[in-house]
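**Q**
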Amino acid sequence: MSGEAAPTGRLADKVAVVTGGASGIGAGTVRAFHAEGACVVIADLQAEAGAALAAELGERALFRRTDVTDEGSVSDVVDAAVAHFGRLDVMFNNAGIIGAVGPIDRTRTEDADLTIAVNLRGVLLGMKHAARVMKPQGSGVIISTSSPAAVMGGVGAHVYSAVKAGIIGLSHSVAAELRPFGIRANVVIPGAVVTQMTADLVAGGADDLAGAEAALDRSRYMSRPLRPSDVAAGVVYLASDDAAFVTGVVLPVDAGMTGAGGPSSMAAATYADQAGRREGGRRVGDPGPEEA
Ligand SMILES: NC(=O)c1ccc[n+]([C@@H]2O[C@H](COP(=O)([O-])OP(=O)(O)OC[C@H]3O[C@@H](n4cnc5c(N)ncnc54)[C@H](O)[C@@H]3O)[C@@H](O)[C@H]2O)c1
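Residue numbers (my numbering): 284 to 575.
1) In whole angstroms, give me the CA-to-CA distance for Gly559 and Gly568.
2) Taking the continuous alpha helix (DSSP H) assigned at Glu331, which residues delimit it?
3) In chain order, what residues of the same chain lie with their CB nearer than 6 Å to the CB of Ala448, ignoring the 5 residues before and after it?
4) Suppose you measure from the CA of Phe368 to the CA of Cys322; what does that come to, to the nearest Å?
5) So what does DSSP say about Met417, is it helix, strand or coil?
6) Between the alpha carbons of Val406 and Ile450, how many angstroms are there, rounded?
7) Select from Thr349, Ala413, Ser506 and Ala522 the residue whose C-alpha is nearest the C-alpha of Phe316.
8) Going by Cα to Cα distance, which pick from Ala468, Gly452, Val442 and Gly304 is closest to Gly385?
9) Rounded to a whole number of angstroms, what is the C-alpha to C-alpha distance between Arg565 and Gly545?
10) CB of Leu521 to nearest heavy atom of ligand 1: below 8 Å?
11) Grab the span of the beta strand (DSSP E) containing Asp353 for me, first residue to last.
12) Let me check you understand the geometry: is the CB of Thr541 closer than 8 Å to at least one non-hydrogen atom of ligand 1?
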């Protein structure tokens with residue numbers, strides 16, 4: 284750490300591994316963790332983007348090319364965090380792909396298997412090897428990225444939806460086991476976020492982030508589309524000691540997609556000027572003094 288002032292911030296002196304850390308939500312979280320004082324290992328298949336991000340951030344960042352479907356690779360990146368920075372406080376299991384798409388009757392089994400291998404087995408391997416280090420340490424936080432598709436039909440591909448739901452079940456179960464060891468396990472549900480994954484789906488291709496921003500803006504979930512830094516803020520909270528007693532939870536950072544997704548039909552449009560009560564199919568009572 285020579286030449287750098289001692290880090291301050293909500294994650295000062297903590298060591299984190301971020302899978303899928305070279306792009307999108309993962310890269311946004313790497314930046315946020317680093318800004319909060321953490322040492323961060325970027326674990327991703329994308330060597331060029333991952334190494335560039337580590338070089339930009341400097342001494343407290345490290346890139347390790349990692350394939351989360353490969354147990355040896357996941358084990359190695361956890362060991363690299365311990366070898367370089369001395370411990371492992373935060374494991375963010377975030378790497379993911381859309382994977383198999385299309386009708387269920389035409390889903391190719393090999394595509395389904397890869398989707399499960401990256402999005403669910405990869406998370407399990409991250410949990411397994413993080414726990415190997417965190418148990419003897421007596422502390423740590425595991426955070427995993429799910430999706431609105433885990434809890435809502437019709438917003439994601441079939442296998443993707445299934446494995447994102449699996450992450451929630453896995454995290455709850457692991458949270459119960461690890462609680463006595465002082466280790467927390469939580470899930471974040473990002474909404475539709477402007478990243479390469481979304482650009483691939485809603486714009487002209489993975490690199491068309493401006494197109495993704497415009498397409499998500501038209502969907503009007505909130506005042507503006509979600510960006511990786513918005514999700515990262517939730518992940519920083521879960522990783523920090525502010526959440527010291529928060530475990531086994533699912534935190535949506537989704538502009539209300541899962542919890543407030545409807546069009547608010549009883550409070551807007553024809554009902555906007557009709558505050559009051561309805562009983563038996565008709566309006567009852569006078570408007571209150573504010574409305575009169
Ligand atoms: N963008 C969204 O709207 C959205 C919404 C809900 C959930 N998510 C989830 O958020 C996570 C991050 O997605 P994103 O939108 O930032 O996408 P992204 O494509 O920008 O980033 C995903 C990263 O994961 C890496 N990756 C893929 N397979 C890997 C493997 N086998 N091993 C290691 N790294 C691998 C990619 O190289 C990439 O850098 C994913 O789990 C995704 O399912 C995204």
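Yeah, the Cβ is synthetic: ideal placement off N, Cα and C, and Gly gets one too.
**A** Put simply:
1) Per the coordinates, the alpha-carbon of Gly559 lies some 7 Å from the alpha-carbon of Gly568.
2) Per DSSP, the continuous alpha helix (DSSP H) segment holding Glu331 begins and ends at Ala330 to Leu340.
3) Contacts found: Ala433.
4) Taking the straight line from one Cα to the other gives about 7 Å.
5) Of the three classes helix, strand and coil, the one that applies to Met417 here is helix, per DSSP.
6) Cα to Cα, Val406 sits roughly 7 Å from Ile450.
7) With respect to the C-alpha of Phe316, the residue from Thr349, Ala413, Ser506 and Ala522 having the closest C-alpha is Ala522.
8) Put simply, of Ala468, Gly452, Val442 and Gly304 the residue whose alpha carbon is nearest the alpha carbon of Gly385 is Val442.
9) Taking the straight line from one Cα to the other gives about 23 Å.
10) Every heavy atom of ligand 1 is 8 Å or more from the Cβ of Leu521, so no.
11) For Asp353, there is no enclosing beta strand (DSSP E), as DSSP marks it with neither H nor E.
12) No heavy atom of ligand 1 is found nearer than 8 Å to the CB of Thr541.
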